[in-house]
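**Student:** The structure that follows is given in the form of structure tokens.
Numbering (the numbering used here), first residue to last: 232 to 335.
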């Protein structure tokens with residue numbers, strides 16, 4: 232996804248008129264309960280945003296993409312960062328997952 236298309240999605244679904252790095256779309260159980268039991272939802276990633284973030288953090292594209300993917304999958308599982316405590320819980324889980332993946 233590029234920035235222009237991501238900005239349109241972000242505006243349409245979140246009411247925020249700017250681009251973002253990732254948007255997660257959880258499957259609504261009531262609407263799609265018979266669709267496929269293992270599907271959590273969709274993840275849309277802006278590669279240009281991920282490249283900028285990787286450069287800003289001085290990490291590889293693959294590390295930043297992994298971080299974004301972990302973050303967005305947690306959203307599909309219901310994690311949010313709407314409050315300080317929820318943000319802390321989500322960040323802790325992100326670090327746990329990343330740490331376990333690095334040890335493989």
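For each residue, glycine too, the CB sits at the ideal point set by N, CA and C. Just so we're clear, the structure is a prediction, and the values are computed from it rather than from any experiment.
Is the beta carbon of residue 299 sitting closer than 8 Å to the one on residue 253?
**Tutor:** Yes, these two residues count as a Cβ contact at 8 Å.
**Student:** Could you tell me whether the Cβ atoms of residue 274 and residue 242 are closer together than 8 Å?
**Tutor:** Going by C-beta atoms, residue 274 is not nearer than 8 Å to residue 242.
**Student:** Are residue 307 and residue 325 touching if we call contact CB-CB under 8 Å?
**Tutor:** Not a contact, by the Cβ cut-off of 8 Å.
**Student:** DSSP on residue 234, reduced to helix/strand/coil?
**Tutor:** Helix.
**Student:** According to DSSP, is residue 253 helix, strand or coil?
**Tutor:** Three-state result, residue 253: strand.
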